[in-house]
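Quick note on the numbering used here: the sequence shown kicks off at 38 and runs consecutively.
Glycine residues also receive a C-beta, built at the ideal position from the N, C-alpha and C atoms.
To start, the structure itself, in structure tokens.
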Amino acid sequence: YYSSLRLQATADAAAYAGAVEKSWGSDTATITSAATTSATQNGLGTGTITVHTPPTSGAYTTQKAVEVILNQNLDRMFTSIFTSSKVPEKARAVALITDASKACVLAL
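Encoded structure:
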């Protein structure tokens, strides 16, 4: 459960970092780089990151929103005596900054 919460928090921070870049008018490569850097700094190890701007689904499919999807395979704890396969974990976050002058610093 803790791993799921941590992965979601990482996705949230990465989406926010991408949205800040988007609000500054950055291109897709810079937005993706900011989101990836944030995800790595917040603990995404061997997982994968996918960044969409605009998001592919949901209520915020506007040009200003950024979607981050993180996938990570986690080790099993107690059920590892039955199988050695990893547990796939996924987190999705969408961030939208409507007024960049009101953006604040996010510290985790």
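Among the options, which residue has its Cα nearest to the Cα of residue i?
i: Thr102; options: Gln109, Val88, Leu111, Ser41; result: Looking at the sequence provided, one finds Ala at residue 102 rather than Thr. For Ala102, the nearest C-alpha among the options comes from Val88.
i: Ser122; options: Thr73, Asn110, Ala96, Ser70; result: Asn110
Would you check if the distance between the CB atom of residue i and the CB atom of residue j is smaller than 8 angstroms?
i: Ser40; j: Glu126; result: yes
i: Thr47; j: Leu107; result: yes
i: Gln45; j: Ala128; result: yes
Might you give, ordered along the chain, the residues of its own chain that have their beta carbon closer than 7 angstroms to the beta carbon of residue i, omitting 5 neighbours on each side?
i: Ile68; result: Gly55, Glu58, Lys59, Val88, Thr90, Val103
Can you name, in chain order, every residue of its own chain whose Cβ lies under 6 angstroms from the Cβ of residue i, other than the five neighbours on each side?
i: Asp49; result: Ala130
i: Ile86; result: Thr73, Ala76, Leu107
i: Thr135; result: none
Excluding sequence positions up to five away, which residues of its chain have a Cβ less than 8 angstroms from the Cβ of residue i?
i: Ala52; result: Ala72, Val103, Glu104, Val105, Ala130, Val131, Ala132
i: Arg43; result: Gly80
Give me the Cβ distance between residue i and residue j, rounded to the nearest whole Å; I'm assuming they're in contact under 8 angstroms.
i: Gln92; j: Thr98; result: Residue identity check: residue 92 is Pro in the sequence provided, not Gln. Right, their Cβ atoms sit about 5 angstroms apart.
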